[in-house]
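S.K.: One structure follows; several queries about it will come next.
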Amino acid sequence: MDNMKKRGKIMIIGAGGVATVAAHKCAQVSHIFKEILVASRTLSKCKAIKEEIKKRYNREIHIAQVDADNVQQLTTLINSFQPDLVLNLALPYQDLHIMDACLATGVHYMDTANYEPPDEAHFEYGWQWAYHERFKEKGIMAILGCGFDPGVTNVFTAYAQKHLFDGIHYLDILDCNAGSHGHPFATNFNPEINIREVTQVVRHWKEGKWIETPPIIEEGSVHFTFDYPVAGRKESYLLYHEELESLALNIKGLKRARFWMTFSDNYLTHLKVLKNVGMTRIDEVEYEGHKIVPIRFLKALLPEPTSLGTKYTGKTVIGNIMTGVKDGKTITRYIYNVCDHEEAFKETGTQAIAYTTGVPAMIGAMMVLTGVWQGKGVYNMEQLDPDRFMEALNQYGLPWQIIDHEPIPDKV
Ligand code: NDP
Numbered sequence: 203m204d205n206m207k208k209r210g211k212i213m214i215i216g217a218g219g220v221a222t223v224a225a226h227k228c229a230q231v232s233h234i235f236k237e238i239l240v241a242s243r244t245l246s247k248c249k250a251i252k253e254e255i256k257k258r259y260n261r262e263i264h265i266a267q268v269d270a271d272n273v274q275q276l277t278t279l280i281n282s283f284q285p286d287l288v289l290n291l292a293l294p295y296q297d298l299h300i301m302d303a304c305l306a307t308g309v310h311y312m313d314t315a316n317y318e319p320p321d322e323a324h325f326e327y328g329w330q331w332a333y334h335e336r337f338k339e340k341g342i343m344a345i346l347g348c349g350f351d352p353g354v355t356n357v358f359t360a361y362a363q364k365h366l367f368d369g370i371h372y373l374d375i376l377d378c379n380a381g382s383h384g385h386p387f388a389t390n391f392n393p394e395i396n397i398r399e400v401t402q403v404v405r406h407w408k409e410g411k412w413i414e415t416p417p418i419i420e421e422g423s424v425h426f427t428f429d430y431p432v433a434g435r436k437e438s439y440l441l442y443h444e445e446l447e448s449l450a451l452n453i454k455g456l457k458r459a460r461f462w463m464t465f466s467d468n469y470l471t472h473l474k475v476l477k478n479v480g481m482t483r484i485d486e487v488e489y490e491g492h493k494i495v496p497i498r499f500l501k502a503l504l505p506e507p508t509s510l511g512t513k514y515t516g517k518t519v520i521g522n523i524m525t526g527v528k529d530g531k532t533i534t535r536y537i538y539n540v541c542d543h544e545e546a547f548k549e550t551g552t553q554a555i556a557y558t559t560g561v562p563a564m565i566g567a568m569m570v571l572t573g574v575w576q577g578k579g580v581y582n583m584e585q586l587d588p589d590r591f592m593e594a595l596n597q598y599g600l601p602w603q604i605i606d607h608e609p610i611p612d613k614v
């Protein structure tokens, strides 16, 4: 680890919204991130990040073109740059290829979203957990889901378990975007990944079982109005989110775990129409002699998430409401962060969704490079000590608060 402290080299893969924020934040913390390489499919996007970082912080970073689905290309690049950590901020489709390249080169791995096969709208940790023994044997660490949700929400749970409760029984993660980007319809991160996530059947964890309910745009979807700090009352929909899978496994004594996200009627109406006309399909269709995947075509038509920041106003409020036992008494605590779209844009040129993902990714990388987090194998965030990460959230732009709260009832 001492060797690592001296080197401080990070390789970021991807040059979208989240990678832009992570690169800016790493550039701000120059005593830890001494050399930064941003490598992605489209070199011009890496170049734009490089120029912005030079302008804002007078720092030089390295850039490179890479196809992250090509393990050989990745391995060559990793061997030539020799980073301490590869931070995967490309898409979930690339996760396994990048993990393979990390194994081949003996370099730590981190991402913000779990693997998803391109031809199947299904995500779960199984594919990445299967790398545990190989990472362990190689003596390196893979940290999965180091964004906000998953990521900070897992760390909030670990912190609550360590400091606030003797046992957590009920967990509700609530993700509210009360911002406005001024477009009739847009997604805040990669449209393809986002739409695949929100159109699927919903699941939550209860008494050791997964309970299924209809997707958010279908009859019978579960929703209620929640009064968010700062943002006020918003309709919040039950949604399946990947951190539920690892938290249900790692937080012992958990009786129920749910994830909620706010959606406006306008967003849901657009999504319903797009789904009904077939624009969210992920299989190939024949069009004028070409094969196209409708959701990819839709992505090409929608605004780039990185472009939304210019007009974005309002805030995000994301956090956990947890009910459990402390010293024999039942208590409920709410840990949350409020992030402002305009302030995120001023600091990094992107909106708060990318900001709330890119900042934790930088902090996670910092935990590895400084030796605070050490291990061999594949880890989810709640398996690592939360204290220094929680301190860093306050220091690097995502301050949190803890308040007493009413529990969220079983039937909302
Ligand atoms: P973007 O689509 O804006 O960026 C993805 C980047 O990856 C693009 O620059 C893209 O290149 C690059 N890329 C895609 N395929 C390849 C490839 N084969 N080789 C090299 N580069 C590739 O996505 P976001 O920045 O919005 O999201 C990044 C990640 O963060 C996603 O996995 C997303 O799911 C995750 N996320 C996690 C959150 C959390 O809280 N945990 C919240 C939000 C997002 P090109 O420019 O050529 O298209």
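To convert a position in the sequence shown, counted from 1, into the numbering used here, add 202. Even for Gly, the Cβ is constructed at its ideal location relative to N, Cα and C. All values derive from a computational prediction rather than experimental measurement.
Let me make sure I understand the geometry here. Which of Leu586, Asp612, Glu593 and Gln597 has the alpha-carbon closest to that of cysteine 348?
M.R.: Counting from one through the sequence shown, the residue named residue 348 turns up at place 146. Nearest of Leu586, Asp612, Glu593 and Gln597 to cysteine 348, Cα basis: Leu586.
S.K.: In this structure, how does DSSP classify aspartate 286 when only helix, strand and coil are distinguished?
M.R.: Translated into the one-based positions of the sequence shown, residue 286 becomes position 84. If DSSP states are grouped into helix, strand and coil, aspartate 286 belongs with coil.
S.K.: For isoleucine 555, collect the residues of the same chain with a Cβ closer than 8 Å to its Cβ; drop the 5 residues on either side in sequence, then sort them by chain order.
M.R.: Locating residue 555 in the sequence shown gives position 353, where the first residue counts as 1. Result list for isoleucine 555: Gly219, Asn379, Asn390, Phe391, Pro507 and Thr518, in chain order.
S.K.: Could you spell out where the beta strand (DSSP E) holding glycine 577 opens and where it closes?
M.R.: On the sequence shown, residue 577 is found 375 positions in, with the first residue counted as 1. No beta strand (DSSP E) holds glycine 577; DSSP gives it neither H nor E.
S.K.: Rounded to the nearest angstrom, what separates proline 562 and glutamate 544 at their Cα positions?
M.R.: Counting from one through the sequence shown, the residue named residue 562 turns up at place 360. Counting from one through the sequence shown, the residue named residue 544 turns up at place 342. Their backbone Cα atoms lie some 19 Å apart in a straight line.
S.K.: Work out the CA separation of proline 588 and proline 319 for me, nearest whole Å.
M.R.: Taking the first residue of the sequence shown as position 1, residue 319 is located at position 117. Taking the first residue of the sequence shown as position 1, residue 588 is located at position 386. Approximately 31 Å, taken between the alpha carbons.
S.K.: Taking alanine 546 as the reference, which of Tyr514, Arg535 and Asn522 has the closest Cα?
M.R.: Here residue 546 is taken as the residue at index 344 of the sequence shown, counted from 1. That would be Tyr514, whose Cα lies nearest to the Cα of alanine 546.
S.K.: Our contact map puts glycine 530 next to glutamate 254 with C-beta atoms below 8 Å; I'd like the distance itself, whole angstroms only.
M.R.: Reading the sequence shown from its first residue, position 328 is the one you call residue 530. Reading the sequence shown from its first residue, position 52 is the one you call residue 254. About 54 Å; that fails the 8 Å criterion.
S.K.: Does the beta-carbon of threonine 572, which I'm using as the reference point, lie nearer than 7 Å to any heavy atom of the ligand NDP?
M.R.: Within the sequence shown, numbered from 1, the residue matching residue 572 stands at position 370. No.
S.K.: If you draw a straight line from the C-alpha of glycine 434 to the C-alpha of lysine 340, how long is it?
M.R.: On the sequence shown, position 232 is the one that residue 434 refers to. On the sequence shown, position 138 is the one that residue 340 refers to. Roughly 49 Å between the two C-alpha positions.
S.K.: Name the one or two DSSP bridge partners that methionine 343 has.
M.R.: Here residue 343 corresponds to residue number 141 of the sequence shown, with the count starting at 1. Per DSSP, Gly579.
S.K.: How about serine 246: is its C-beta nearer than 8 Å to some C-beta of chain C?
M.R.: Included in the structure is just one protein chain, with no chain C present.
S.K.: Taking 8 Å as the cut-off, decide whether the C-beta atoms of isoleucine 214 and leucine 293 are in contact.
M.R.: Residue 214 sits at position 12 when you count from the first residue of the sequence shown. Residue 293 sits at position 91 when you count from the first residue of the sequence shown. Not a contact, by the Cβ cut-off of 8 Å.
S.K.: If you follow the beta strand (DSSP E) that lysine 211 is part of, which residue opens it and which one closes it?
M.R.: The sequence position of residue 211 within the sequence shown is 9, counting from 1. Looking at the DSSP string, the run of the beta strand (DSSP E) that includes lysine 211 is 211-215.
S.K.: Can you list, in chain order, the stretches of the beta strand (DSSP E) that have 3 or more residues and sit fully within the segment 502-543?
M.R.: Counting only runs of 3 or more, we get 517-528 and 531-542.
S.K.: Please classify valine 223: does DSSP put it in a helix, a strand, or coil?
M.R.: Working through the sequence shown from its first residue, we reach residue 223 at position 21. The answer is helix: DSSP assigns valine 223 an H, G or I state.
S.K.: Since valine 273 contacts histidine 299 with CB under 8 Å, what's their CB separation in whole angstroms?
M.R.: On the sequence shown, residue 273 is found 71 positions in, with the first residue counted as 1. On the sequence shown, residue 299 is found 97 positions in, with the first residue counted as 1. That belief holds up - the Cβ atoms of valine 273 and histidine 299 are roughly 5 Å apart, short of 8 Å.
S.K.: With distances taken from CA atoms, which of Asp542, Lys613, Thr355 and Pro417 is nearest glutamate 447?
M.R.: Taking the first residue of the sequence shown as 1, we reach residue 447 at position 245. Of Asp542, Lys613, Thr355 and Pro417, the residue nearest in Cα terms is Thr355.
S.K.: Please confirm whether any heavy atom of the ligand NDP lies closer than 7 Å to the CB of leucine 293.
M.R.: Here residue 293 corresponds to residue number 91 of the sequence shown, with the count starting at 1. Yes, since a heavy atom of the ligand NDP falls inside the 7 Å radius drawn around the Cβ of leucine 293.
S.K.: Give every residue of the same chain whose Cβ lies closer than 8 Å to the Cβ of valine 495, excluding the five residues on either side of it in the sequence, and list them in chain order.
M.R.: In the sequence shown, the residue the question calls residue 495 occupies position 293. Taken in chain order, the residues that qualify are Arg483, Ile484, Asp485, Glu486 and Val487.
S.K.: Among the residues of its own chain, which have a CB less than 8 Å from the CB of leucine 504, if the five just before and after it don't count?
M.R.: Within the sequence shown, the letter at position 302 stands for residue 504. Excluding residues within five positions, the ones whose Cβ falls inside 8 Å are Phe387, Ala388, Thr389 and Pro393.
S.K.: By how many angstroms is the C-alpha of leucine 291 removed from the C-alpha of histidine 264?
M.R.: The sequence position of residue 264 within the sequence shown is 62, counting from 1. The sequence position of residue 291 within the sequence shown is 89, counting from 1. Cα to Cα, the separation comes out at about 16 Å.
S.K.: So is the beta-carbon of lysine 247 under 7 Å away from any non-hydrogen atom of the ligand NDP?
M.R.: If you number the sequence shown from 1, residue 247 lands on position 45. Checking every heavy atom of the ligand NDP against the Cβ of lysine 247, one is found closer than 7 Å.
S.K.: If you compare alpha carbons, which of Asp467, Glu420 and Leu440 is closest to alanine 459?
M.R.: Locating residue 459 in the sequence shown gives position 257, where the first residue counts as 1. Taking only the C-alpha atoms, the option nearest alanine 459 is Leu440.
S.K.: Out of Glu608, Cys248, Leu276 and Thr244, which one is the CA nearest neighbour of aspartate 429?
M.R.: Numbered from 1 along the sequence shown, position 227 holds the residue referred to as residue 429. The option with the nearest alpha carbon to aspartate 429 is Glu608.
S.K.: State the start and end residues of the unbroken alpha helix (DSSP H) segment that holds lysine 477.
M.R.: Taking the first residue of the sequence shown as 1, we reach residue 477 at position 275. From DSSP, the alpha helix (DSSP H) with lysine 477 extends over 467-478.
S.K.: According to DSSP, is glutamate 322 helix, strand or coil?
M.R.: Against the sequence shown, residue 322 aligns to sequence position 120. Coil.
S.K.: Specify, as a first and last residue, the run of the beta strand (DSSP E) that glycine 434 falls within.
M.R.: Numbered from its first residue, the sequence shown carries residue 434 at position 232. Here the beta strand (DSSP E) through glycine 434 covers 434-440.
S.K.: Determine the DSSP secondary structure at glycine 560, reduced to helix, strand or coil.
M.R.: Position 358 of the sequence shown, counting from 1, holds the residue named residue 560. Reduced to three states, the DSSP call for glycine 560 is helix.
S.K.: Distance check for glutamate 420 and glycine 480, CA to CA, integer angstroms please.
M.R.: Position 278 of the sequence shown holds residue 480. Position 218 of the sequence shown holds residue 420. Near 15 Å, if we compare the C-alpha coordinates of glutamate 420 and glycine 480.
S.K.: Report yes if the CB atom of aspartate 374 is closer than 8 Å to the CB atom of valine 527, and no otherwise.
M.R.: On the sequence shown, residue 374 is found 172 positions in, with the first residue counted as 1. On the sequence shown, residue 527 is found 325 positions in, with the first residue counted as 1. No, the Cβ-Cβ distance between aspartate 374 and valine 527 is not below 8 Å.
S.K.: Grab me the residues of histidine 310's own chain with a C-beta within less than 6 Å of its C-beta, minus the 5 sequence neighbours each way, in chain order.
M.R.: Mapped onto the sequence shown, residue 310 falls at position 108. Taken in chain order, the residues that qualify are Leu287, Ile342, Met343 and Val570.
S.K.: When you compare the CB positions of alanine 323 and arginine 243, do they come within less than 8 Å of one another, or not?
M.R.: Against the sequence shown, residue 323 aligns to sequence position 121. Against the sequence shown, residue 243 aligns to sequence position 41. No. Outside cutoff.
S.K.: Taking Cβ to Cβ, would you say methionine 524 is nearer than 8 Å to isoleucine 370?
M.R.: For the purposes of this step, residue 524 is identified with residue 322 of the sequence shown, where counting begins at 1. For the purposes of this step, residue 370 is identified with residue 168 of the sequence shown, where counting begins at 1. Closer than 8 Å, so yes.
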